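There are 2 protein chains.
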Amino acid sequence: TLHNKLHEIPGMNRLHPHETEEPHGVESPCLCFMKIHATFPMLTKYADIMKLKMPLIKGNENLQDDELLRYFPNPFRVNRKLLPPLKEEFTSFFSQARIDQFHITDQDKFFSPAQRSQIVWECLSRIKYHETNPTKFGIQRLLGNDTYTAAFPLHDGPITRVSADQQKPSNLRSILHDQWGRFGKWFKIQPIDYVKLYFGERIAFYFAFLEFYTAMLIPAALVGLGCFIYGAASLYQDIPTSEICFDRDVGNITMCPLCDKWCPFWRVKDSCALSRATYLFDNSATVFFSTFMAFWAMLFFELWQRRQSVVAWNFDTLDALEQYEPVRPELARRVMDQRINTVTNTLEPYVPRWKKWMHGLLSLSVVSFMMFVVLAAVFGTVVYRMLVVVALYATSTTRQSFASQYATYITAITSAFLNLIVILILEKIYYRVAKWLTNMECPRSQTEYEKSLTWKYYIFEFVNCYSSLVYVAFFKGRIPPGYPGVKGWFNIPIDQCDQAGCIIELCIQLAVILLGKQIYSIIREAVFPLLSNWWSSQDLIKFFTHVRHFYRWEKDLQLRPFPPLSMFKEYSRMVLQFGFITTFGAAFPLAPLFALLCNLFEIRFDAYKILVIYRRPISQIAKNIGAWFEILQHLAQFAVVSNAFVIAFTSEFVPKMVYLLAFSPTRTMKGYTAWSLSAYKVSDFPEDIKPSNFGEGFNSTTICYYRGTRNGPEYSDELKYTYSMIFWHILAARLAMVLVVEHFILITTRIIAYMIPDLPSYLQARVLRQNFLAKEAFYESESKRISLVETQSDGTQITPSATAASLYPSIPSTSAAVSVAADPESM
Amino acid sequence: TLHNKLHEIPGMNRLHPHETEEPHGVESPCLCFMKIHATFPMLTKYADIMKLKMPLIKGNENLQDDELLRYFPNPFRVNRKLLPPLKEEFTSFFSQARIDQFHITDQDKFFSPAQRSQIVWECLSRIKYHETNPTKFGIQRLLGNDTYTAAFPLHDGPITRVSADQQKPSNLRSILHDQWGRFGKWFKIQPIDYVKLYFGERIAFYFAFLEFYTAMLIPAALVGLGCFIYGAASLYQDIPTSEICFDRDVGNITMCPLCDKWCPFWRVKDSCALSRATYLFDNSATVFFSTFMAFWAMLFFELWQRRQSVVAWNFDTLDALEQYEPVRPELARRVMDQRINTVTNTLEPYVPRWKKWMHGLLSLSVVSFMMFVVLAAVFGTVVYRMLVVVALYATSTTRQSFASQYATYITAITSAFLNLIVILILEKIYYRVAKWLTNMECPRSQTEYEKSLTWKYYIFEFVNCYSSLVYVAFFKGRIPPGYPGVKGWFNIPIDQCDQAGCIIELCIQLAVILLGKQIYSIIREAVFPLLSNWWSSQDLIKFFTHVRHFYRWEKDLQLRPFPPLSMFKEYSRMVLQFGFITTFGAAFPLAPLFALLCNLFEIRFDAYKILVIYRRPISQIAKNIGAWFEILQHLAQFAVVSNAFVIAFTSEFVPKMVYLLAFSPTRTMKGYTAWSLSAYKVSDFPEDIKPSNFGEGFNSTTICYYRGTRNGPEYSDELKYTYSMIFWHILAARLAMVLVVEHFILITTRIIAYMIPDLPSYLQARVLRQNFLAKEAFYESESKRISLVETQSDGTQITPSATAASLYPSIPSTSAAVSVAADPESM
């Protein structure tokens, strides 16, 4: 039925190159292709409706380019011969009535490939294929009920190798592949303008964001690496670790068992290796790195805000508004109510407010429910961890055995993997739920749709990805508070950190989740599609290989369909990665470096994917990165709070400082290890917790020690094992640290934000100038319209008044020119 | 010489009603008046240059007013017969060339009185009175060198009483005085639109702000009053105060002397009255009130942001830009360099960037220096306070004597007055310095000038007004920490709070400064000008009273000149008041009530002043309240931090909670007073501090107590009198309280801000619609201009293309109308 309709779109031709190709076997698909290509009048008609911005013959302003650096050789730049810099042109909303004023040298090249695919898709999305049923329209519906297998724009042509001496190929896909979509070009600045020409603004924006993010990662990676090297270099100078490993008195302190009943006593020196590993990630450089990352996150946001407007200006979408966007076809199909869009003054379908509220309420409850599921899963891994730790410690009567020695590592790594699996599964389930919820909400435009989906997805993912990290960083062993001889809530044993601190576990957790997610996505998006493409091409080759060459459309059909929300997934991965490295980066200074390496790969791989693996996507307008922008802002602010708390509570920095400044008799760190331990009387152990086997050489132990700041057994029964003065002193210092770090970072970034305007000054001047001219022209045309109405009714002519005098030289712009137009005598 | 020049301004007439009035005595002034009035062509010419927005004959949009309430009787509304609501009109930048399209029914009334005075002033400011010297221009310079005594717009006429049965008087000044400028109308909503008509946008904006602020004060005043009543009502139920006053054991605890050497011992019950007074201002309602005020401040800012856009929309200045404003005449006189304004494309003088930086650096250093002066002054009052307290306590050997009993009050009140005087003097000096610095900077426009001055002034005033309060609230008795037998830095005795806490002193300090400043300003701005006006009228009457009636200009000359930065001072007073009640409001819950009463008076008094006492000011454009807007934002954020710290550190709330939750054996407040005291051994007093007279009945005292949480004399020498566990516990609780309150308020207000958009939705739709139309018209005219240029060069005519088709009903707007205009054949 669509066939007949397509004939009726004026100017739309079709091509059926092999409409009834004979099937070769029983299981062969019946492939019928229909190539739609829009004629120029068709394109202009829709460009008018869709308010596309097209170049004018000549702008009235000098759009000069100050970029002097352009003329210097630059190894990071793409080949200028293949991809010459595009000229900045003066554009305007396209209008058929004023078609002569647009810069059309070649009708075939006036609209960019991206624009053409956008127009044809818009047309296909709205075409009715049933005379009476108003909901039966659009290619999406026909694809949904399998009338058509696929609908996609064709790629520019096959990818041919570009050699140095070869002539410039006419095929933009090949050039982009050669200059942009190969790993060999990993160090090149991307030709974003050409990406926009080929794929449209939305996809180009993603690559612009990715490039900016990757560039910003370079300083973070360097600082992180520096901090790690500092930690490694100063490892043997650190007094507390040396005391644990080498000091005879400190090393031989008897420590209380690490679990109830089944664990033996042990000596401080047994945790030497773990203390060393912890020091690598928790030293004075960590405090610096943590503060740096919080700053970096805030600065990233500020600078991206600026960069975003520059990119939008270059794409000519800075003034695009959601209200200009066409309504989603799904909305038109599902909603019959119509009202006037107050901005463009056109009738369009809309969802009443109370329905929106109802859907919002539903979404809220579903998201809340899913978050409870996540928290339950985190609780599950906590239980797993406790069981495994006890099992490992209990395997041996000393702490020197392998299982006991590496219990922390084994538990942390396995539970992190468990967490990772849970995260990935929940992510997959939730993604479907979020899409279902968003579809039900019927958002107005594609932008609004993605915004709604993004928020829903992000709130969940935030809890999903970060809750286990938050637990390890801030709650583990603290809530409920644990010390020997005590049980937690509901009589459950307490999940305690190792004697050396929680930061090593946080580090393992972070590294596993961060890298695990990255590797999983690479497998899912690289290996799997490549294999599947290869497989489906095999499938086809079986049928056609001896018959003839492939047509372009056949080759493109073999490619994977471009998922409609692909960009959403890419952004979500990037933004979550940003969150990982900024909020808990302190625990793992190498995280930015790994992220940088991953992203250098990611840029080229995404480019390769979109050029080679996928069918060509349909172009869309974009003026920014959508809701991710606000999410970045929230993440940056969360990073400030989180880093302040990590410095104060997870790191050992504050207790060390308190010891150094207030308690150390020698004003050095000497004695810190002993100071940080509290005593416990073995006879105070309840029967069901008391170690069944004291361990070798511990039979005569009466006092054991544990990491904590509580009163010893010498206190009265009321005060025994309650928090000591040192605890409250350290707590006050920790809280003060949080306050100081937070206020310091927030005030400094506020000042920085004040100094970095959101728009670069040259752009601000241009935007203001354009607005000024627009206002002037508007008033001009407005009053002219009125006067024309008057003139026609009076039958009299307008006499031009005296020309305006001016104190300053008057504006050599529209006002003069249009006043000529208003005077018909002068022509 | 100005005479001759004025003739040359085309269309500008002058009237010399009594150019050479004969002086009556030797000391009589030679009064020569020159009445300048601009003809209509003159006005239109300058309105064109100044880009005034004037009403068009008919707008294309329905500017409907949804305000249904308008038709209900409303006691708060001004008389509708005298001041009918103004119609919303569609305006545009005035242009002489399109004069026919403007809605001119009466040439005398087309421009509002405010606009006419603005135009004439603009003209006078730029007129050259010397042929060759380019710096000799402008009335300001002639006023400066006393060529003219004064230049002012005339008021509308004399103020006549409006009686109920009387016909509507033609004189807007009388109507405004009757309906707006009288104390009898204190409850009426102001006729802001008419104020704008008479005085211009800048002054109307001030009154709109004042009205909004006063309205917002009502809930704050009610809550504050409620909190105060709660405190008074629960005074006798409070356990700690009852213990101090009535409990035999607690009341008779021996307290350590309040000053070194000269003060005697005393009993806890002696501070009963002070403890009661403190309880009035520091009870559980204080915590609520403090949080409420922080919220209120944030909400105030959010709502004002919204209100401001509505007012600007009503004034039709929402899209006014600083770049549209004319350059200040002072800049044109002092700077010869010129460059192009990138927005309006006109040549104008400018100050090079390096000069701006130099001036900025200078300003910074001067401001810093002045701030050090302030801090020195605060330190001075601290010293004063210590001396007075010691003197008062030392007058008697018991604490029951009057001087000793009220020592705290006496010291606090006198030192607060001292502070007030210092604040007022420094304010005056600094105001001159700031003006001098700003003049030197040569800002571009009047808006920029006031912005620069505002920031300079505010930063200083912030330190000037609040530093003594900050000292009392957070530092007094804490830095350096004081307890018996210890001296502060440099051997200076320590400025301690009373046993009952610092909050009462903070309250006194706040009340004195807040009310003192208010009363001073009323005296300065009401009593003084009224007297001086009366005096100068007496002066004139002496000469002319028997000769004839006064002319209007003579009467106006008798009025006080309107100070050019008068609005700046009014704003600064209001914003500082806002700061006082929000940042330290917790200490004095009645502050919002006092502010409310003051402001109700202030509105009417300011109106009266501007209508009756002052000469008519020159009208100016304004789109917002300038830099004060950002300052309000900073103050609101500072209020959050400050209130969090006041709750945590100044108020006794946190120690009380810690006692109740962690230490109280009975889970009530019983025993709190004893718990909050620490012991000191009398024999540990150093000789120079030891009380010379133990006081009556204290001769056998060996242990005395003081308010503090330190270890007692039973500890080892090393730990004796150091902070106890309780201290650190309370400190941790205080810091946690700060964190919780801050994050709670900031997150909640962020959510509220998200829910309250900056523009009301109806206004947003209108603004977007206008921008959309503007963009369309711009592109239209832009491309038309190009095509005209082409047509003229080709000699061929444009053939209109086919009309645009559309999926949705097309836009019934400019596009159609203007395309007719583009086609000359159709006329």
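Protein chains in written order, with my numbering: chain S, 1 to 827; chain D, 1001 to 1827. Ideal Cβ placement from N, Cα and C applies to all residues, glycine included. The structure displayed is predicted, hence computed values, not measured ones.
query, result
"Any beta carbon from chain D within less than 8 Å of S:H729's own beta carbon?", "yes"
"Could you name the residues of chain S that D:A1732 contacts, counting a contact when the two beta carbons are closer than 7 Å?", "W728, L731, A732 and L735"
"Could you work out which residues of chain S lie near D:L1739, taking near to mean beta carbons separated by less than 9 Å?", "L735, V738, L739 and E742"
"Can you look up S:P240 in the DSSP assignment and give me helix, strand or coil?", "helix"
"On the CB-based measure, 16 or more other CB atoms within 10 Å of its CB, does D:N1283 come out buried or exposed?", "buried"
"Between which two residues does the beta strand (DSSP E) containing S:K53 stretch?", "K53 to P55"
"If you draw a straight line from the C-alpha of S:I494 to the C-alpha of S:M386, how long is it?", "8 Å"
"Report the three-state DSSP secondary structure of S:K128 (helix, strand or coil).", "strand"
"Evaluate S:F281 with the Cβ neighbour count: other Cβ atoms within 10 Å of its Cβ, from every protein chain shown; 16 or more gives buried, anything less gives exposed.", "buried"
"Excluding the 5 residues flanking D:I1239 on each side, which residues of the same chain have their C-beta closer than 8 Å to its C-beta?", "T1668, M1669, K1670 and Y1672"
"Under a Cβ-count criterion, where at least 16 other Cβ atoms within 10 Å of its own Cβ denotes burial, should S:F111 be classed as buried or exposed?", "buried"
"Where does D:K1035 sit, in a helix, a strand or coil, going by DSSP?", "strand"
"Note down, in chain order, each residue of its chain lying with its Cβ closer than 6 Å to the Cβ of S:F727, except the 5 sequence neighbours on either side.", "T709"
"Taking only the alpha-carbon atoms, compute the straight-line gap between S:G626 and D:V1310 and give it to the nearest angstrom.", "28 Å"
"At which residues does the alpha helix (DSSP H) containing S:I203 begin and terminate?", "E201 to A233"
"Would the beta-carbon of S:R306 fall within 8 Å of that of S:D758?", "yes"
"Compute the distance between the beta-carbons of D:G1477 and D:Q1496, then report whether it is under 8 Å.", "yes"
"Is S:L258 buried or exposed, if buried means 16 or more other CB atoms sit within 10 Å of its CB?", "buried"
"Are the segment 1700-1714 of chain D and the segment 688-696 of chain S touching by the rule of at least three beta carbon pairs closer than 8 Å?", "no"
"Does S:M725 come within less than 8 Å of chain D when only Cβ atoms are used?", "yes"
"How close, in whole Å, do the beta carbons of S:I613 and S:L559 come, if the pair is a contact with beta carbons under 8 Å?", "6 Å"
"Would DSSP call D:W1266 helix, strand or coil?", "strand"
"CB-CB under 7 Å to D:F1403, same chain, minus the five flanking residues each way: which ones, in chain order?", "Here the sequence assigns Ala to residue 1403 of chain D, which means Phe is not the residue at that position. L1392, T1395 and S1396, listed in sequence order."
"Just list the alpha helix (DSSP H) runs in the segment 1353-1411 of chain D, keeping only unbroken ones of 4 residues or longer that don't cross its boundaries, in chain order.", "1353-1394 and 1402-1405"
"Find out if the Cβ-Cβ distance for the pair S:C256, S:P484 is shorter than 8 Å.", "yes"
"Check each candidate in S:W357, S:R750 and S:Q446 and name the one with the smallest Cα separation from S:S125.", "S:Q446"
"Between D:T1147, D:A1736 and D:C1507, which lies nearest to D:I1413 when the distance is taken from Cα to Cα?", "D:C1507"
"Answer with buried or exposed for S:A294, where buried requires no fewer than 16 other C-beta atoms within 10 angstroms of its C-beta.", "buried"
"Rank S:E718, S:W296, S:I523 and S:Y457 by C-alpha distance to the C-alpha of S:T583 and give the top, closest one.", "S:W296"
"If you measure between the beta carbons of S:C442 and S:E330, is that distance less than 8 Å?", "yes"
"Below 8 Å on the Cβ atoms is my contact criterion, and I expect D:I1730 with D:P1655 to pass it. Report the Cβ-Cβ distance as a whole number of Å.", "5 Å"
"Can you confirm whether D:F1649, when its beta carbon is compared against all beta carbons of chain S, has any partner nearer than 8 Å?", "no"
"How would you call S:R432, buried or exposed, if buried means at least 16 neighbouring beta carbons within 10 angstroms?", "exposed"
"So, S:V682 versus S:W628, is the Cβ gap smaller than 8 Å?", "no"
"Strictly by DSSP, which residues pair up with S:C704?", "S:Y680"
"Quick check on the burial criterion: 16 or more other C-beta atoms within 10 angstroms. Buried or exposed for D:F1663?", "exposed"
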